[in-house]
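Protein chains: 2
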Amino acid sequence: MKEELSINFKKIGIIETPYEKVAPYQPFEKDVNSFKVIIDPEYSEGLERLCSFKYIYLLYFIDRYSGEGDLVFKPDWTREDIDVGIFASRSPGRPNPIGLSITSIKKIEKNIIYTTGLDVFNGTPLLDIKPYIKDLDVKPEANFGWLDELKDKGHFAKHLMGIPHD
Amino acid sequence: MKEELSINFKKIGIIETPYEKVAPYQPFEKDVNSFKVIIDPEYSEGLERLCSFKYIYLLYFIDRYSGEGDLVFKPDWTREDIDVGIFASRSPGRPNPIGLSITSIKKIEKNIIYTTGLDVFNGTPLLDIKPYIKDLDVKPEANFGWLDELKDKGHFAKHLMGIPHD
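Below, the structure is given as structure tokens:
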């Protein structure tokens, strides 16, 4: 008999972005104040000293994604016939649809964090905020994994940096 | 009336470490093969190409933590009278106890990922694995936030790097 563990989380706020139907990969921001994290007021005390950090992690529930994707898939945008496991990708179709983005803080006013660009849909439920701490989270030896094997690396880089292209 | 959103996740594997009762902050590993991520076999296909990455993010359920901590607290180890919001810390006592660690892959055999040191308890339920991608996740401009204001920065650094000390 398989052990079933019930893991329940709650929405602690919401992420506001300009993206209703299409979100770029890693967008550059266009307008000031167009990306906001709004914490439910009962949790706003927990933001104390957060503004001392330059970057933060946001963890969120990928609520627009319905149903599980395949465990192995061919990412469209690579334009190559390449099989990738879901855990080797940042695709939303994961067994547990938890999103993770790094963004930088522009300012915090009461329960609102104004951030730079975020690749999430408007209204996405927030699960957690964590500080991105230099020595802990910067891994200078990190690599690009299978992305480095793509023939058109420049194209991949555009996706990664959110640069619009054909 | 407050909108209640039910967010349910499932265990997709387990993290094995040598830590049963006390876990260091960011431990160095001592023994080869003492840190493992064991994916439930039904998800092991999703690991395809993961071994091409040097570093990965692990997301897990902090199941040893019972009940919520305060939204603002004084971290013991700082030895300073400093108030910190839970979202400005990596403390486990969060509204949603989701843990996030970065570790590096030593090898992957079938459904087992052998990793370097991990600051989690043995048996921790795994929620997700994501690749840590150089240009996306390395933020060279990152800072230390309020940690930089501590009088004893050397002590903080030891905690951060998991170096044993008095």
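Keeping their order, the protein sequence lines are chains Z and F.
One point on numbering: in my numbering, the residue at position 126 of the first sequence is 129, and numbering is uninterrupted.
One point on numbering: in my numbering, the residue at position 134 of the second sequence is 137, and numbering is uninterrupted.
Every residue gets a Cβ at the ideal spot worked out from N, C-alpha and C, and that includes glycine.
Just so we're clear, the structure is a prediction, and the values are computed from it rather than from any experiment.
Please report the Cβ distance between residue i and residue j, rounded to the nearest whole angstrom; I am assuming they are in contact, meaning their Cβ atoms lie under 8 Å.
i	j	result
Z:VAL101	F:LEU121	The amino acid at residue 101 of chain Z is misidentified as Val; the sequence shows Ile. Not confirmed; about 18 Å, so no contact.
Z:LYS14	F:VAL141	No, Z:LYS14 and F:VAL141 are not in contact; Cβ-Cβ is about 30 Å, not under 8 Å.
F:ILE17	F:THR127	7 Å
Z:GLU51	F:GLY88	3 Å
For residue i, which residues from the same chain have a beta carbon less than 8 Å from its beta carbon, with the 5 sequence-adjacent residues on both sides left out?
i	result
F:LEU53	ILE59, ILE108, ILE111, ILE116, ILE132, PRO134
Z:SER55	none
Out of curiosity, what's the CA-to-CA distance linking residue i and residue j?
i	j	result
Z:ARG67	Z:LYS24	10 Å
Z:LYS154	Z:THR81	9 Å
F:MET4	Z:LYS39	Only weak support exists for where F:MET4 lies, its pLDDT of 47 falling under 50; the value from the coordinates is given anyway. The straight-line gap from Cα to Cα measures roughly 24 Å.
Z:THR106	Z:VAL123	11 Å
F:PHE12	Z:THR20	25 Å
F:GLY96	F:GLY72	5 Å
F:LYS156	F:LEU103	23 Å
Z:ILE136	Z:LYS57	9 Å
F:PRO44	F:HIS158	42 Å
Z:ASP151	Z:ASP86	14 Å
F:ASP84	F:PRO78	9 Å
F:ASN125	F:LEU61	14 Å
Z:PHE76	F:PRO98	34 Å
Z:ALA145	Z:SER9	34 Å
F:ASP138	Z:TYR63	21 Å
For residue i, which beta-bridge partners are listed by DSSP?
i	result
Z:PHE12	F:ILE10
F:GLU112	F:ILE115
Z:PRO134	Z:ILE59
F:VAL141	Answer is none; F:VAL141 lacks a bridge partner.
Z:GLY88	Z:VAL75
F:VAL40	F:ILE18, F:ILE116
Z:LEU103	Z:LEU62
F:THR127	F:ILE18
For residue i, which residues from the same chain have a beta carbon less than 6 Å from its beta carbon, with the 5 sequence-adjacent residues on both sides left out?
i	result
Z:ARG93	none
F:SER47	ASN114
Z:SER37	PRO21
F:ILE65	PRO95, PRO100, GLY102
Looking only at its chain, what residues have a beta carbon closer than 7 Å to the beta carbon of residue i, apart from the 5 residues adjacent to it on each side?
i	result
Z:ALA91	GLY148, TRP149
Z:LEU74	GLY88, ILE89
Any heavy atom of the ligand SAM inside 8 Å of the beta-carbon of residue i?
i	result
Z:SER9	For the structure depicted, the ligand SAM is absent and the ligand set is empty, with no information on it obtainable.
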